[in-house]
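Residue numbering for the sequence shown follows numbering that gives the first Met the number 0, starting at 0 and increasing by one per position.
C-beta: ideal position from N, C-alpha, C; glycine also.
These numbers were taken from a predicted model, which means no experiment stands behind them.
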Amino acid sequence: MALTDLPQWLAYIERQHPKSIDMGLERVRDVAARMALGRPAARVVTVGGTNGKGSTVAFIEAIARAAGWKVGAYTSPHLLRYNERVRLDGMEVDDASLVEAFEAVEAARADTPLTYFEFGTLAALWLFERVGLELAVLEVGLGGRLDAVNLVDPDVAVITTVDIDHTDWLGADREAIGAEKAGIARAWKPLVLGEVDSPSSVLRHAYAIGANALRLGSDFFHEPIDGSHWRWREVGAELVLPMPVLSAPAQRANAASAIVALRALPGDAIPDEAFAQGVAQATLPGRLQRVPHGEVDVVLDVGHNPQAARELAAWLQAHPAAGETHVVFAALADKDVTSVVDAFAGTPLHWHLAGLDAGPRSQSADRLAARLEGAVAGRALRHPRVEDALAAALAGARAGDRVLVFGSFHTVAEALRALHSGR
């Protein structure tokens, strides 16, 4: 059967590998060679980490575009449309271009099985190479060392944070996970580390290969000036910048890392005004995203691991609602939901638990509640779907209250669809 549109292709590539995740570069490197893939852009930044990858990509992209560069960005996962994953000059790539790229991958792969992510990564690289980009910003999907994005040698690598997530594939502690994420570094190239306490495994790898580690808190710094401005600095350089629109506590660190990555690239320097403009303009859906809903403040966040939950809890405490806070929480079955919920201990919240239908990683509200037994959230009202939980939370909210929806990209996507549909 001929595949003629993007939905057909997406359904097709989901079926081309028996596993949703199959880490390793042999298959994807072989297909890339058959496609004769070259470099996706004149300059490449690869961004890995546990949390903050998408935001850091957004800052790098926005700053470079403010400087007049032609920029491509590849991110994952998406919220509502696959097209969100591939951006050219800030715009989502259209269906026809993605179909053409998928056709190129399919023609080259023969009988080599590729995962959904691998197929999409090769398609994005194929598209980028054909449009003459000055900069490609590539977000790692999972880990780093064996991720398909690591097929490309970056000029600068960024590791935003390292924390506990995806333990089935990356290891059970920060040192093991850090060793996997450090695999995106290249010998004698800059490696930007966006947290003060990077695991020793990351630093050991950087030193072993001669990568130039640029560390937050040692080589570059950020600090607030007032409610509207903050300062980025390194030895011999300083910028006074507007506060990011992205408002989580970690966003200044992400913006600071983006600045360092761009300054470390070879070629023309970026003017100071482009840094200010890019920091002020960078946006990303699903990161403390506010959606108007009458007199109730609705906030959506894709946070899905303990570190992200701690950041979210800190934001709630720093930005208290005028009234009460109602929480809709739904998570995938392989997440550490107990540690996520524990991050909110001591914060008065009205919890609603929802089920998620996400294939092998699905989890019902009853199963989620059972895993949270003993926690306040474990005694929450249960709902079969996110849209049901959101409707119940909104119905119970009064003027001045806040409704927070979080737990995964799937959770936020379902909430957005419900809100857009008027439910």
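Residue range of the beta strand (DSSP E) that includes residue 28: Counting from 1 along the sequence shown, the entry for residue 28 is found at position 29. DSSP places residue 28 in no beta strand (DSSP E) but in the uninterrupted alpha helix (DSSP H) bounded by 25–33.
Backbone CA spacing between residue 344 and residue 218 [nearest angstrom]: In the sequence shown, residue 344 corresponds to position 345, counting from 1. In the sequence shown, residue 218 corresponds to position 219, counting from 1. In a straight line, the C-alpha of residue 344 is about 34 angstroms away from that of residue 218.
Please report the straight-line C-alpha distance between residue 216 and residue 7, rounded to a whole angstrom. To locate residue 216, count along the sequence shown from 1; it is residue 217. To locate residue 7, count along the sequence shown from 1; it is residue 8. Between residue 216 and residue 7, the C-alpha separation is close to 48 angstroms.
Terminal residues of the alpha helix (DSSP H) in which residue 253 lies: Numbered from its first residue, the sequence shown carries residue 253 at position 254. Here the alpha helix (DSSP H) through residue 253 covers 250–263.
How many angstroms separate the CA atom of residue 403 from the CA atom of residue 125? Residue mapping note: residue 403 aligns to position 404 of the sequence shown, counting from 1. Residue mapping note: residue 125 aligns to position 126 of the sequence shown, counting from 1. In a straight line, the C-alpha of residue 403 is about 39 angstroms away from that of residue 125.
So does the region 245–254 actually touch the region 26–41, counting three or more Cβ pairs closer than 8 angstroms? no
Note down the Cα distance separating residue 94 from residue 409, rounded to an integer number of angstroms. Here residue 94 refers to the residue found at position 95 when the sequence shown is read from its first residue. Here residue 409 refers to the residue found at position 410 when the sequence shown is read from its first residue. So the alpha carbons of these two residues sit roughly 22 angstroms apart.
Minimum C-alpha distance to residue 337 - residue among 327, 369 and 318: Numbered from its first residue, the sequence shown carries residue 337 at position 338. It is 369 whose Cα lies nearest to the Cα of residue 337.
If residue 241 and residue 227 are in contact, beta carbons under 8 angstroms, what's the gap, nearest whole angstrom? One-based indexing of the sequence shown puts residue 241 at position 242. One-based indexing of the sequence shown puts residue 227 at position 228. Indeed they touch by this definition, with Cβ atoms about 6 angstroms apart.
Buried/exposed call for residue 235, threshold 16 Cβ in 10 Å: In the sequence shown, the residue the question calls residue 235 occupies position 236. Exposed, because fewer than 16 other Cβ atoms sit within 10 Å of the Cβ of residue 235.
By the DSSP assignment, the beta strand (DSSP E) with residue 187 in it spans what residues? Residue 187 sits at position 188 when you count from the first residue of the sequence shown. Note, residue 187: premise wrong, no beta strand (DSSP E); not H, not E.
Find out if the Cβ-Cβ distance for the pair residue 81, residue 141 is shorter than 8 angstroms. As a working mapping, residue 81 is identified with position 82 in the sequence shown. As a working mapping, residue 141 is identified with position 142 in the sequence shown. Taking 8 angstroms as the Cβ cut-off, residue 81 and residue 141 do not qualify as a contacting pair.
What span of residues does the alpha helix (DSSP H) with residue 384 cover, start to end? Counted from its first residue, the sequence shown places residue 384 at position 385. First-last for residue 384: undefined, no H or E at that position.
Does DSSP put residue 237 in a helix, in a strand, or in coil? Position 238 of the sequence shown holds residue 237. Residue 237 falls in the strand class under three-state DSSP.
Quick check: the region 134–150 against the region 45–59, are at least 3 beta-carbon pairs closer than 8 angstroms? yes
Taking all protein chains shown into account, decide if residue 86 is buried (16 or more other Cβ within 10 angstroms of its Cβ) or exposed. The residue labelled residue 86 in the question sits at position 87 within the sequence shown. Answer is buried; the Cβ neighbour count reaches 16.
Rounded to the nearest angstrom, what separates residue 23 and residue 113 at their Cα positions? If you number the sequence shown from 1, residue 23 lands on position 24. If you number the sequence shown from 1, residue 113 lands on position 114. Each residue's alpha carbon lies about 11 angstroms from the other.
For the beta strand (DSSP E) holding residue 86, just list the boundary residues, first then last. The residue given as residue 86 occupies position 87 in the sequence shown. Unbroken beta strand (DSSP E) run through residue 86: 85–87.
Run through DSSP, which three-state label would residue 68 get? One-based indexing of the sequence shown puts residue 68 at position 69. Residue state, collapsed to three classes: coil.
Beta strand (DSSP E) containing residue 156: first to last residue? On the sequence shown, position 157 is the one that residue 156 refers to. Segment 155–158, the beta strand (DSSP E) holding residue 156.
Can you tell me whether DSSP reads residue 343 as helix, strand or coil? Position 344 of the sequence shown holds residue 343. Three-state result, residue 343: coil.
For residue 296, write down the residues that DSSP places opposite it in a beta bridge. Translated into positions along the sequence shown, residue 296 becomes position 297. Per DSSP, 291 and 401.
If you draw a straight line from the alpha carbon of residue 423 to that of residue 260, how long is it in whole angstroms? There is no way to answer for residue 423, as the model of the chain reaches only from 0 to 422.
Relative to the C-alpha of residue 385, which candidate in 308, 346 and 352 has its C-alpha closest? Numbered from its first residue, the sequence shown carries residue 385 at position 386. Of the candidates 308, 346 and 352, 352 places its Cα closest to the Cα of residue 385.
Would you kindly check if the distance between the Cβ of residue 79 and the Cβ of residue 412 is under 8 angstroms? Translated into the one-based positions of the sequence shown, residue 412 becomes position 413. Translated into the one-based positions of the sequence shown, residue 79 becomes position 80. Against a cut-off of 8 angstroms, the Cβ pair of residue 79 and residue 412 comes out as a contact.
Buried or exposed: which applies to residue 300, given that a residue is buried once 16 or more other Cβ atoms fall within 10 Å of its Cβ? Looking up residue 300 in the sequence shown gives position 301. With 16 or more Cβ atoms within 10 Å of its Cβ, residue 300 is classed as buried.
Would the region 155–166 count as touching the region 174–187 if we require 3 or more Cβ pairs under 8 angstroms? yes
What would DSSP say about residue 304, mapped onto helix, strand or coil? Working through the sequence shown from its first residue, we reach residue 304 at position 305. Per DSSP, reduced to three states, the secondary structure at residue 304 is coil, with no helix or strand assignment.
If you reduce the DSSP assignment to three classes, tell me which class residue 112 lands in. In the sequence shown, residue 112 corresponds to position 113, counting from 1. In the structure shown, residue 112 sits in coil (DSSP, three-state: anything other than H, G, I, E or B).
For the alpha helix (DSSP H) containing residue 273, list its first residue and its last residue. Mapped onto the sequence shown, residue 273 falls at position 274. Residues 271–280.
Determine the closest residue to residue 193 out of 167, 170, 169 and 231, with distance taken between C-alpha atoms. Counting from 1 along the sequence shown, the entry for residue 193 is found at position 194. Looking at the Cα atoms, 231 is the closest of the given residues.
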